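Protein chains in written order, with this note's numbering: chain A, 35 to 168; chain B, 268 to 518; chain C, 59 to 443.
Each residue gets a CB set at the ideal place from its N, CA and C atoms; glycine is no exception.
Treat the numbers as computed from the prediction; the structure is a model and nothing was measured.
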Amino acid sequence: MNDRPFILGGLLVFVVFVTAPIWHGVAARQVALAPLELKLPAQEKHCVAPVSYMRTSHMRLLDEWRTEVVRNQQRQYTAYDGKVYEMNLTRTCLSGCHGSQKEFCDRCHSYNGAAALNCWNCHSDAPLAARNAP
Amino acid sequence: MKVTRKQFLQLSGLSLIAVTARKLVRGAANSTATESPKTIRWGMAIDVQKCRRKEGCNGCIKACHSTHNVPQFGDQAREVKWTWKQPFEDVFPFAQTQYTREVFADAPVLLMCNHCDDPPCQDVCPVDATWRTDEGVVTIDWHRCIGCRYCMAACPYGSRSFNWQDPRPAIPTVNPDFPTRTRGVVEKCNFCEERLAKRLPPVCVEACEEKALIFGDLEQADSEIRKVLHARFAVQRKPELGAGPSVYYLI
Amino acid sequence: MLMFEKALTGSRRYWLWVTCLLLVALAGFLCYLRQLAHGLVITGLSRDVTWGLYIAQFTFFVGVAASAVTVVVPYYLHDCKQFARLTILGELLAVSAVTMSGLFIFVDLGQPARILNVVLHPQPQSVMFWDMIALSGYFLINTVIAMGTLHAGHEHASPPGWIKSLAIVSIPWAISIHTVTAFLYSGLPGRTYWLTAILAPRFLASAFSSGPALLILLCVAMRKLTAFDVGREAIHKLAVIVTYATAINIFFILTEVFTALYSEIPAHEENFEYLFIGLGGDYHLVPWMWFSFLLCLIALTLLLVPRWRSNVRLLVIACLCIFVSIWIDKGLGLIIGGLVPSPLGAITRYAPTLPEWTIVCGIWAIGALMTTAFYKITFSIWEEH
């Protein structure tokens, strides 16, 4: 029984499969890559952590906040500049500074295809009315 | 430098022991840590007499469910409820005689998670998604829950509900101040832990117009709840099971 | 080493069987995708009856997996030479059964993507943690033993010595997996039907009754469909084991019924009442439970009389009866009986939905596929002799 066509066929399928991300990237590159503009909050001058840290590790910060609130019932966070924040995704991060998921989080996450956000299955995207509340 | 296999294994073994020892020392240091502040044990006393004064009253339930984004599925078999009322004879089936039944059978009794001192749900959870906090609140980590529903089987009081489907479409008005849950996780009354952190009473206690719900610190001898438990006889649900509930019923 | 290529050659009948199983597995998989999309709402489960068909199947098939010990003990500990061909079949069946149990747990989860949390955040106080350890270990032990035995058979050599050591380890391990599964239920304070010390012994007795019964059925099927014959002696010895286990199982059930009904304590009586008489207007499980009991009695009668037990046709009927009987009793009977009435006395009717049944059939098909492939490999190796 001549196995060669099966072997070559299988190899071809494998190569196509393993290089799929490249094809997918090529196909998705229709959008003109305009420079990313992030609207920064007007009220706050500093972030809860240095911007460089936030860029690389904001998920880790959020994870630590989550552990502190849910597991240790601690809700106060003292930032590097001494300011105290309430560890609350909707109230502090969105209402306090960054507006909404679409305005801020999605801008980067959709732009560069970073990890899909499933925070918003549960946490509320801050509505406009609550944004200016204390 | 040539490393023999024996040397490599010795080095790896020593490194492993060193790392483990460090972890153990750290762990021991953390556990025997700072002074422990005076313990708080939150509890609630429900005055059944006051509760049944107004027929069909459910302000507490509405307040709880709207504050915490509890979905209203309209399917009674799969409902999600944090607090609800059931007739006296369902809640205390063996506390009745033929004669008390005539008076009490239909009296509505408010039910919720009993926030036990030794919760069976905590014992059975395979991922530590539910536990009793230092202040006596049995809480759930909705990020960790795998939805196995073992805690629901373990709870002797039927206090827990499961999200059989996505709850968001079934929430009448989303309160942005409290997260919703996702489908596939268990939820229940949380004694308004987020309000207790600010030393505010639970919303059901605040919403009750008859002041039938007394909430407070069971460890404090002069708290309102301790005073009322001293003054009146209170019963609990299934105390013989040893779970140590924190909810008392003033009959 | 895995010799899977032996499972890839076969007659037309073999491939027809495999194709049917694959189609059923595919149907189950598609239904599961639907469950992933919509949630467990597509099942018949409810707030009061939170566990149902999936967990029932999990419990039952852990029992079938544990029953491998009924062939391992005679062969490895008591040098029962007649079990020479049978033991490997029992061990392979255990591998399929444990896999099925794991799959049933997986499809029952509300958040299956988080299943690794059980390993990442171990909770030694939870029986479910130990269940995971026990079942994973049992799967590994039996896979290694089976692979070693088959490999030795392929090389026309006798199995190496360490296989016997591992097989002896598998004996207490098999008892453990089913005891720990029983402990999942028998330590819960709010469920009177399950809160009984005899639950673990009952589980073991019913496992040693239904598991070997299935094995007998498979051996008779193998004898009819292939030239592989484990031997009359082996089947008859296994039948004796099924007989003893069935008798002990019925005895245990009757002791439970006595305690519940004689004490007349409502909390204990209620579950039996719901299952066998009906309660609160819900009678839908009553015919099933009595059917299960009837099958049990028929099986025991056929098994007790040596003339009937040695008649293969009657033995097959007896094995089918006891397998179905225990499947009902230890499956839905156990789970629903424990959850109804609810802690607040509610009677909630549970009936599995079509998607639920399809997923269950899909997992059965996967188990059957594994067993078919394993037995095909075994048969091919034997044929080479």
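The beta carbon of L80(C) is closer than 8 Å to those of A423 and L427 in its chain, skipping five residues each way along the sequence. Judged by their CB atoms, F310(C) and R260(C) are nearer to each other than the 8 Å cut-off.
R89(A) has a beta carbon lying at 8 Å or more from every beta carbon in chain B. Listed along the chain, the chain A residues whose CB falls inside 7 Å of the CB of T447(B) are C156. Excluding sequence positions up to five before and after G395(C), its CB lies within less than 6 Å of the CB of Y251, N329 and L333, all in the same chain and listed in chain order. Under the 10 Å beta carbon count, S268(C) is surrounded by 16 or more other beta carbons and is classified as buried. Flagged as an interface residue toward chain C: P423(B), by a C-beta distance shorter than 8 Å. From the listed residues V394(B), L276(B) and D433(B), the smallest Cα separation to W154(A) is found for D433(B). Secondary structure within the stretch 319-385 of chain B: the alpha helix (DSSP H) runs of 4 or more consecutive residues, fully enclosed, are 326-334, 355-358 and 365-371 (chain order).
Nearest Cα to Q169(C) within the set P360(B), T400(B) and G414(B): G414(B). Taking a beta-carbon distance threshold of 8 Å, V104(A) counts as an interface residue toward chain B.
Using a Cβ distance threshold of 8 Å, S438(C) and G391(C) do not count as a contacting pair.
At a cut-off of 8 Å, the C-beta of T126(A) has no neighbouring C-beta in chain B.
Within the stretch 83-128 of chain C, the complete alpha helix (DSSP H) segments at least 4 residues long are 111-124, listed from N- to C-terminus. DSSP, reduced to helix, strand and coil, places L517(B) within a strand of the structure shown. DSSP, reduced to helix, strand and coil, places F482(B) within a strand of the structure shown. Taking a beta-carbon distance threshold of 8 Å, P393(B) counts as an interface residue toward chain C. When C-beta atoms of the stretch 87-101 of chain C are compared with those of the stretch 433-451 of chain B, three or more pairs fall below 8 Å, so the two segments count as touching.
For V118(A), the uninterrupted beta strand (DSSP E) segment begins and ends at V118 to E120. In terms of Cβ geometry, A126(C) and A232(C) form a close pair [threshold 8 Å]. Contact between V202(C) and L224(C) holds, with the beta-carbon distance rounding to 6 Å and staying under 8 Å. Rounded to the nearest whole angstrom, the C-alpha separation of W366(C) and L372(C) is 6 Å. A149(A) does not reach chain B, its nearest Cβ partner there being about 15 Å away, counting only Cβ pairs nearer than 8 Å.
D390(B) and P182(C) have their C-alpha atoms some 9 Å from each other. Less than 8 Å separates the beta-carbon of E314(C) from that of I256(C).
Using beta-carbon distances, P387(B) counts as an interface residue toward chain C, with a partner under 8 Å.
Taking 8 Å as the threshold, the shortest C-beta distance from W349(B) to chain A does not fall below it. In terms of Cβ geometry, C383(B) and S184(C) do not form a close pair [threshold 8 Å]. Remark: C-beta atoms of F119(C) and M158(C) approach each other more closely than 8 Å.
R94(A) is outside the set of residues whose beta carbon lies under 8 Å from a beta carbon in chain B. At least 8 Å separates the beta-carbon of V298(C) from that of C377(C). Non-local beta-carbon contacts of R109(A) in its own chain, meaning distances under 8 Å to residues more than five positions away in sequence, involve E102, V103, E120, M121 and N122 in chain order. The DSSP-derived three-state label of W348(C) is helix. Distances from the CA of N106(A) to each of E402(B), A330(B), W351(B) and V315(B) were compared; the closest alpha carbon is that of E402(B). When Cβ pairs closer than 8 Å are counted between the two stretches, the stretch 475-489 of chain B is seen to touch the stretch 318-325 of chain B, the count reaching three or more. In summary, W73(C) is exposed, with fewer than 16 beta-carbon neighbours lying within 10 Å of its beta-carbon over all protein chains present.
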